[in-house]
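What follows is one structure encoded as structure tokens, with my remarks underneath.
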Amino acid sequence: MQVYDYLTDDISRKIYLARVNFSVTGEWDYITKLPMEYRNLSADIIEFHRKMYDVKGKIAIFGAGGNGSSLIRGFKELEFICLIDNYCKNVREAWSGLPIYSFDQYLSHFGTDYAKIVISIFDREQCAKVVKQLIDGGIKKQDIICIPRDWRNNFSQYFDVFTPHANESFVDCGCYDGGSAFRFASWCGHLGYQKIWSFEPDKNSYNLCKKTLSVLDKCNVYPYGVSSHNGAVLFCGDGKEDSRIVRNMSSGNVTEVQVVALDSFLKNEVVSFIKMDVEGEEYEALKGAARIIEEQKPKLAISVYHKNEDIFLIPQLLLELRKDYKFYLRHYSLVTNETVLYAE
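All you need for my numbering is the position in the sequence shown, starting with 1, plus 1472.
Here it is as structure tokens:
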């Protein structure tokens, strides 16, 4: 079966080809050079994108972590000269080949007017502290650009393709902070909904969701992951978004958590909508929901960016279960993350 033939609109086909080419080559340009009209972005992300391309000269990035790397790879035609990091004591080289300086070292090398500085920190409180540090060090406010609080459009993701009907029931796999459950309830609006099942194996995130989602009617939160089977698995997580199931003990902060197959856990339930963002376990989790998909054909919103093979394997699996699914693809960030496959 040719997945391409099941894609419903031109946007989906463009994103599919970009995703396939990225998966095969590893070249970010296939994703980051998608026209803005093919990416569902929030206003603050679009504004940040504009500001970056308005810069005519040199750019330094404050923050040498993952966000800084994403900026370099996502805007590689811009003139980045270095990274700045408060944890850098000695000048060293980043993976990109750019030097990493402390702020004092940067000032001694370049002064205050040499480049625009982009702060690559999502946390607004920490970002504000860095802005003050830069201004106190002599950098002009107009030469400072802050990245948005997230790369992605959290507001419409998972819910901007489908139309709600009466008696929707929602399975939220990887509920993280509970935001998707609240957006589901809002999406249903005056129609209301039947039930919400939220799954989150990360202990810290589960405790947060248990508290925040207690105000939602007919919403149950479970401290489990989802996979193809019921049982115990290794899990790496500390309350962050990239908490995930792992296959060995060498991945850092590893503990053991329980996973469930949706087919057995929701054995006698009616399911109309399944959302999955489970950091690379989507394919296995869908296998564990095969009966529900075959018998009930729920709406699906599935992340297909965690593994390169997801864009091939996941839609193929769904078509093996239900040949009458139609697919949409949407992309919700400036970088390579946050591509969602919708099936209806």
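Ideal Cβ placement from N, Cα and C applies to all residues, glycine included. Predicted model, so just to flag it, every value in this text is computed and none were measured.
**OP:** Assign N1493 to one of three DSSP states: helix, strand, or coil.
**Re:** helix
Original post:
How many Å lie between G1583 and Y1476 at the Cα?
Top reply: 53 Å
Subject >> Three or more C-beta pairs below 8 Å linking the stretch 1666-1678 and the stretch 1630-1646 >> reply: yes
Subject >> Collapsed DSSP secondary structure at Y1696 in the structure displayed >> reply: coil
**OP:** Work out the CA separation of V1718 and K1747 for me, nearest whole Å.
**Re:** 21 Å
Original post:
So I1533 packs on P1620, CB below 8 Å; how close in whole Å?
Top reply: Incorrect: roughly 15 Å between the Cβ atoms, too far for contact.
Original post:
Do you know how far the Cα of N1780 is from the Cα of E1672?
Top reply: 24 Å
Subject >> Start-to-end residues for the beta strand (DSSP E) that takes in Q1666 >> reply: 1665-1671
**OP:** Taking only beta-carbon positions, decide if V1732 is within less than 8 Å of chain B.
**Re:** Note that chain B does not occur in the displayed structure, where there is just one protein chain.
Original post:
Cα-Cα, which of L1606, I1774, F1627, I1589 is closest to L1513?
Top reply: F1627
**OP:** Taking the CB atoms as reference points, tell me whether V1812 and I1783 lie closer together than 8 Å.
**Re:** no
Original post:
Considering only the beta carbon of each residue, do K1588 and G1529 sit closer than 8 Å?
Top reply: yes
Original post:
Whose C-beta lies closer than 6 Å to the C-beta of G1610 among residues of the same chain, with five residues either side of it excluded?
Top reply: T1584
**OP:** May I ask you to verify whether the stretch 1565-1572 touches the stretch 1548-1555, counting CB pairs closer than 8 Å and requiring at least 3?
**Re:** yes
**OP:** Take the Cβ of E1551 as the centre, count every other Cβ of all protein chains shown within 10 Å, and call the residue buried at 16 or more, exposed below.
**Re:** exposed
Original post:
Just how far apart, CA to CA, sit M1508 and L1543?
Top reply: 17 Å
**OP:** Figure out for me which residue from S1677, S1715, D1735 has the closest Cα to the Cα of N1702.
**Re:** D1735
Original post:
Taking DSSP as the reference, what is the three-state secondary structure of L1738?
Top reply: coil
Subject >> Beta-carbon proximity list for P1770, same chain, < 7 Å, skipping 5 on both sides >> reply: V1743, S1744, F1745, I1746, I1764
Original post:
In three-state DSSP terms, what is P1571?
Top reply: strand
Original post:
DSSP three-state call for E1728: helix, strand or coil?
Top reply: strand
Subject >> Residues of its chain near Y1800, where Cβ-Cβ distance is below 7 Å and the 5 sequence neighbours each way are ignored >> reply: T1480, D1481, S1484, V1633, Y1814
Original post:
Which value, in whole angstroms, describes the spacing of the CA atoms of V1603 and E1741?
Top reply: 51 Å
Original post:
Skipping 5 residues on each side, what residues in its chain have a beta carbon closer than 8 Å to that of W1500?
Top reply: F1494, R1545, G1546, K1548, V1807, T1808
Subject >> Backbone secondary structure at F1582 - three-state DSSP >> reply: helix
Subject >> Nearest to F1520 (by Cα), restricted to the options E1767, A1761, V1590 >> reply: V1590
**OP:** Could you check what DSSP says for S1541 in three-state terms: helix, strand or coil?
**Re:** helix
Original post:
What is the DSSP secondary structure of R1802, counted as helix, strand or coil?
Top reply: strand
Subject >> Contact set for Y1797: own chain, Cβ-Cβ below 6 Å, skip 5 residues either direction >> reply: L1790, A1815
Original post:
If you draw a straight line from the alpha carbon of K1523 to that of Q1768, how long is it in whole angstroms?
Top reply: 46 Å
**OP:** Can you grab the Cα-Cα spacing for the pair Y1777 / L1489, in whole Å?
**Re:** 13 Å
Original post:
Would C1560 pass as a contact of S1574 if the rule is Cβ separation under 8 Å?
Top reply: yes
Subject >> Ordered list of beta strand (DSSP E) runs contained in the stretch 1514-1541, each at least 3 residues >> reply: 1530-1534
**OP:** Would you mind sorting I1607 into buried or exposed? The rule is 16 or more other CB atoms within 10 Å of its CB.
**Re:** exposed
Original post:
Buried or exposed: which applies to Q1629, given that a residue is buried once 16 or more other Cβ atoms fall within 10 Å of its Cβ?
Top reply: buried
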